[in-house]
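I have placed the structure first, in the form of structure tokens, so that the comments after it can refer back to it.
Numbering (my numbering), first residue to last: 61 to 472.
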């Protein structure tokens, strides 16, 4: 396996500009090639949009008769690069190389652009990494056409996109280096996923199935785990806080993106100390549980111990349990792992336009309250796992930074 030093040095072996070819993509590949003559009874791979990930994975195991997909779907062949052209799939990075196709032929979503490389000029791998580069995607986003929600990257934009194309040998070296970094990133993410499953398994091991009728743990209403009814509260609405009052620094306003990342992403809005004092009823402090009220409804995250207190956004709901009888870590994972609780959250989420948690009803959902020592035992285990996850996340962050730097050097 490559070392850090080897991977970092890999980005320094550039071809000179004299060795590179300057031109438009259509000179090196065909964008959306025409469908070839294929027998109706031939089996081909079928690739809908959901079979393509934002990390380059393309699932090609679904097989159909050519007669079923020759009309109304997009044609591609083994080694072609798929590029999602519609928002938000394009911005999210969906795309990859079509490999392992049945009879080397595939059909898929009409929302793919297909880049068919000229094998004497450009490799599939180099082409894929170019189209997955953040800056390439940003430029595509700026040149989309169509109405909101249905914007697409025009075929002509891809065809006329200008690149410095290295010699084939250099392209292969670039792709091999990026493959190594990408593989390490995938391994780190897989390790994190396994640790999450380990925590879930430990939860069930300690507390059993909380939805089972024979569950021995006592039940109570969620609000009964708090000191005050106001400890379950959503953020300030309407005239209480306007966007004009946001600052570039000060007391942080914690919003849904931070909850979705378990507070690993930084806040983007702040308040003056004076305004935060006026809104102290909507504060969030270490040990509080933050829940998303909109969008990814019911998503929870525990406000970290080493964070300064802040203010919750109106789309965020705060749950502040009585730490004398309830461990916040246990409660957060119960909100995540208990099917019975999840179903209740779904019931108390309503809205004609967008679902949102009804705070009054949420206070009265039924939860389980196991012995405090069991809660503490589980929280201690989570702390040990989080320590391991922190180390893996640090490695993952370095790898992702390295990959961005390499891609900027190769394609910038």
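Glycine included, C-beta positions come from ideal geometry on N, C-alpha and C. All values reported here derive from a predicted model rather than from experimental measurement.
Using 10 angstroms around the beta-carbon of residue i, count the other beta-carbons present and answer buried if the total reaches 16, otherwise exposed.
i, result
"residue 427", "buried"
"residue 294", "buried"
"residue 183", "buried"
"residue 192", "buried"
"residue 488", "This structure cannot speak to residue 488, because the chain is shown only from 61 to 472."
"residue 297", "exposed"
"residue 412", "Confidence at residue 412 is low in this model, with a pLDDT of 42, below 50, so its placement is unreliable and no value can be given for it."
"residue 38", "This structure cannot settle anything about residue 38, because the visible part of the chain is limited to 61 through 472."
"residue 231", "buried"
"residue 169", "buried"
"residue 435", "buried"
"residue 336", "buried"
"residue 469", "exposed"
"residue 116", "buried"
"residue 454", "exposed"
"residue 61", "Confidence is the limiting factor: at residue 61 the pLDDT is only 47, short of 50, which leaves the residue's position unreliable, though a coordinate-based value still follows. Residue 61 should be labelled exposed."
"residue 315", "buried"
"residue 149", "buried"
"residue 79", "exposed"
"residue 156", "buried"
"residue 197", "buried"
"residue 178", "exposed"
"residue 325", "exposed"
"residue 107", "buried"
"residue 166", "buried"
Using a Cβ-Cβ cutoff of less than 7 Å, which residues in the same chain neighbour residue i once the five nearest sequence positions on both sides are dropped?
i, result
"residue 421", "408"
"residue 90", "176"
"residue 396", "360"
"residue 263", "393, 397, 438"
"residue 102", "126, 163"
"residue 445", "255, 258, 259"
"residue 275", "268, 269, 428"
"residue 151", "197, 201"
In whole angstroms, what is the alpha-carbon distance linking residue i and residue j?
i, j, result
"residue 158", "residue 384", "56 Å"
"residue 153", "residue 227", "26 Å"
"residue 72", "residue 456", "With a pLDDT of 46 at residue 72, under the threshold of 50, the modelled position of this residue cannot be trusted, and the question is left open."
"residue 253", "residue 82", "42 Å"
"residue 105", "residue 112", "13 Å"
"residue 188", "residue 171", "17 Å"
"residue 223", "residue 448", "42 Å"
"residue 203", "residue 220", "12 Å"
"residue 283", "residue 379", "9 Å"
"residue 93", "residue 174", "7 Å"
"residue 399", "residue 272", "10 Å"
"residue 353", "residue 261", "27 Å"
"residue 368", "residue 311", "8 Å"
"residue 131", "residue 317", "41 Å"
"residue 134", "residue 194", "25 Å"
How far does the beta strand (DSSP E) with residue i in it extend, from its first residue to its last?
i, result
"residue 177", "172-177"
"residue 135", "134-137"
"residue 111", "Neither: residue 111 is in no beta strand (DSSP E) and is coded neither H nor E."
"residue 91", "89-91"
"residue 81", "81-84"
"residue 124", "123-125"
"residue 426", "426-429"
"residue 130", "Per DSSP, residue 130 belongs to no beta strand (DSSP E) and is neither H nor E."
"residue 350", "349-352"
"residue 166", "165-168"
"residue 158", "Unbroken run through residue 158: none, as it is neither H nor E."
"residue 143", "141-144"
Once the 5 residues before and after residue i are set aside, which same chain residues still bring their CB inside 6 Å of it?
i, result
"residue 351", "360, 377"
"residue 205", "214"
"residue 386", "285"
"residue 329", "306, 313"
"residue 185", "235"
"residue 342", "295, 296, 371, 372"
"residue 160", "120"
"residue 347", "388"
"residue 291", "380"
"residue 147", "211"
"residue 471", "190, 193"
Among residues of its own chain, excluding the 5 on either side of residue i, which ones have a beta-carbon nearer than 8 Å to its beta-carbon?
i, result
"residue 241", "67, 459, 462, 463, 466"
"residue 279", "426, 427, 428, 429"
"residue 405", "357, 358, 395, 417, 422, 425"
"residue 452", "248, 251, 252, 255"
"residue 339", "296, 300, 301, 331, 371"
"residue 309", "330"
Where do the N-terminal and C-terminal ends of the alpha helix (DSSP H) with residue i fall, by residue?
i, result
"residue 445", "432-471"
"residue 333", "333-338"
"residue 201", "194-202"
"residue 419", "419-422"
Just list the alpha helix (DSSP H) runs in the region 363-400, keeping only unbroken ones of 4 residues or longer that don't cross its boundaries, in chain order. Correct list: 388-397.
Please go through the region 281-319 and give each complete beta strand (DSSP E) segment of 3 or more residues, from N-terminal end onward. The region 281-319 contains these whole beta strand (DSSP E) runs: 292-294, 311-314.
Go through the region 181-249 residue by residue and report every complete run of the beta strand (DSSP E) that reaches 3 residues or more, in order. Whole beta strand (DSSP E) segments, 3+ residues: 222-225.
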